[in-house]
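Novice:
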Amino acid sequence: MKEFTSEELLSCDGKEGKPVYIAFEGKVYDVSKSPLWSKGVHMNRHPSGKDLSGEISAAPHGPEVFERYPQIGILKKSPPEELKHLPKFLQGLLQTFPMAKRHPHPMVVHFPIAFLMASSLFYLLFFIWMLPSLGTTSAHLLALGIISTPFAIATGFLTWWINYRSKLTRFIKRKIQLSILLLALEVTFILFWIGEIQISYYLYLMLMILFAPIVLLLGYYGGQMTFPAEK
Ligand code: HEM
Ligand code: HEM
């Protein structure tokens, strides 16, 4: 049976004496003989030469009407326009799991945001009250923040590639700069913990407080892209 690409199908739209073909759930039908598809349009609103699978729900009938006309081919599966810039394996994966297109980044970003902001807050409280338990809590939260950051950054690059075609916008530029700053800050603390570098008490405090505005800005710029503020 002939395999039609969507371009080939488009040229069979009943105009200028061309045949009238329509696709439904992967099958191509020839409805040229139907008076209800004359001039290539059905009920003044459904054009032929297209895959109409998604439009049948608007019809007063079901797919049984296709039994009246011959199937003359199958429609070649082509990836949706918005996935064409990606490698084949990723296109297949995202078509099977559409949730993976946009969800991974928002699913993981809230971990570093919450852990690092809470870590800053606990360090500030430790500075004020000098209770060792507050300092310990802050350090533990910082460790969790450090563990979750690479996942946020990796999924950030992924969503930028999948949904924004890696276009460098003002917000993305800021997010990459802030992510580098965040990683540098986290590496500084790791080096301090393993005894490779020394940090004075006040520098430690300043760096600890810095985590909160960095993750807030990262989230703010992200939110501006996902939910642009109405002007
Ligand atoms: C607002 C939407 C639609 C309306 C009001 C509509 C209405 C109708 C009616 C009244 C018939 C004749 C039914 C019969 O003889 O039992 C028909 C036939 C048919 N419709 Fe639709 N339809 C709609 C959408 C669609 C769509 C989206 C498709 C394709 C996916 C489609 C494909 C067909 C086919 C193949 C026939 C058989 C034509 C024939 O027997 O000559 N229709 N439609
Ligand atoms: C720790 C680092 C990061 C944090 C905390 C963060 C945080 C966020 C947040 C909160 C959102 C809004 C999510 C939503 O609710 O939909 C977002 C969206 C976004 N972020 Fe990030 N982000 C980080 C790193 C990155 C990086 C490195 C990139 C890319 C280079 C990036 C690209 C994006 C894009 C493209 C969106 C919009 C997603 C969409 O519209 O679906 N992010 N980010």
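Under numbering that gives the first Met the number 0, the first residue of the sequence shown carries the number 0, and numbering increases by one thereafter. Cβ atoms here follow ideal geometry from the backbone N, Cα and C, with glycine treated the same way. This one's a predicted model, so the numbers in the text were calculated from it and none came from an experiment.
With DSSP run on the structure shown, which of helix, strand or coil describes residue 186?
Specialist: Mapped onto the sequence shown, residue 186 falls at position 187. It is helical.
Novice: Given this structure, state the Cα-to-Cα distance separating residue 79 from residue 1, to the nearest angstrom.
Specialist: Sequence index remark: in the sequence shown, residue 79 carries index 80 (1-based). Sequence index remark: in the sequence shown, residue 1 carries index 2 (1-based). Their Cα atoms are separated by approximately 21 Å.
Novice: For the 8 Å Cβ check, are there 3 or more pairs between the region 31-42 and the region 111-122?
Specialist: These segments do not touch.
Novice: From this set, 6, 37, 7, 98, which residue's C-alpha is nearest residue 15's C-alpha?
Specialist: Position 16 of the sequence shown, counted from the first residue, corresponds to residue 15. It is 37.
Novice: Threshold first: 4 residues or longer. Then list the alpha helix (DSSP H) segments lying entirely within the region 4-72, N to C.
Specialist: 5-9, all fully within the region 4-72.
Novice: Would you mind stating whether residue 122 and residue 137 have Cβ atoms separated by less than 7 Å?
Specialist: As a first step, residue 122 is located in the sequence shown; it is residue number 123 there, counting from the start. As a first step, residue 137 is located in the sequence shown; it is residue number 138 there, counting from the start. Contact flag set, yes.
Novice: Taking C-beta to C-beta, are residue 19 and residue 72 nearer than 7 Å?
Specialist: Walking along the sequence shown from the start, residue 19 turns up at place 20. Walking along the sequence shown from the start, residue 72 turns up at place 73. Taking 7 Å as the Cβ cut-off, residue 19 and residue 72 do not qualify as a contacting pair.
Novice: Which residue comes first and which comes last in the alpha helix (DSSP H) that contains residue 136?
Specialist: Counting from one through the sequence shown, the residue named residue 136 turns up at place 137. Residue 136 -> alpha helix (DSSP H) spans 131-163.
Novice: Does the count of Cβ pairs from the region 205-224 and the region 169-183 closer than 8 Å reach three?
Specialist: The answer is yes - the region 169-183 touches the region 205-224, with three or more Cβ pairs under 8 Å.
Novice: I need the straight-line Cα distance from residue 192 to residue 120, nearest angstrom please.
Specialist: Working through the sequence shown from its first residue, we reach residue 192 at position 193. Working through the sequence shown from its first residue, we reach residue 120 at position 121. Near 20 Å, if we compare the C-alpha coordinates of residue 120 and residue 192.
Novice: Check the C-beta distance from residue 3 over to residue 65 and give it rounded, since I have them as a contact under 8 Å.
Specialist: By 1-based counting over the sequence shown, the position of residue 3 is 4. By 1-based counting over the sequence shown, the position of residue 65 is 66. With 8 Å as the limit, residue 3 and residue 65 do not qualify as a contact, their Cβ atoms being about 16 Å apart.
Novice: Looking at residue 69: is its Cβ nearer than 7 Å to the Cβ of residue 29?
Specialist: Looking up residue 69 in the sequence shown gives position 70. Looking up residue 29 in the sequence shown gives position 30. Yes; because the gap between Cβ atoms is below 7 Å, this pair is in contact.
Novice: Given this structure, state the Cα-to-Cα distance separating residue 157 from residue 105, to the nearest angstrom.
Specialist: The sequence position of residue 157 within the sequence shown is 158, counting from 1. The sequence position of residue 105 within the sequence shown is 106, counting from 1. Going from the Cα of residue 157 to the Cα of residue 105 covers about 12 Å.
Novice: So, using beta-carbon positions, are residue 100 and residue 161 closer together than 7 Å?
Specialist: Walking along the sequence shown from the start, residue 100 turns up at place 101. Walking along the sequence shown from the start, residue 161 turns up at place 162. Yes, the Cβ-Cβ distance between residue 100 and residue 161 is below 7 Å.
Novice: Compute the beta-carbon to beta-carbon distance between residue 177 and residue 217, rounded to the nearest angstrom, for a pair I have assumed lies under 8 Å.
Specialist: As a working note, residue 177 is residue 178 in the sequence shown. As a working note, residue 217 is residue 218 in the sequence shown. 5 Å between Cβ atoms; contact.
Novice: Could you tell me whether any non-hydrogen atom of ligand 2 is closer than 6 Å to the CB of residue 106?
Specialist: The sequence position of residue 106 within the sequence shown is 107, counting from 1. No, the beta carbon of residue 106 sits no closer than 6 Å to any heavy atom of ligand 2.
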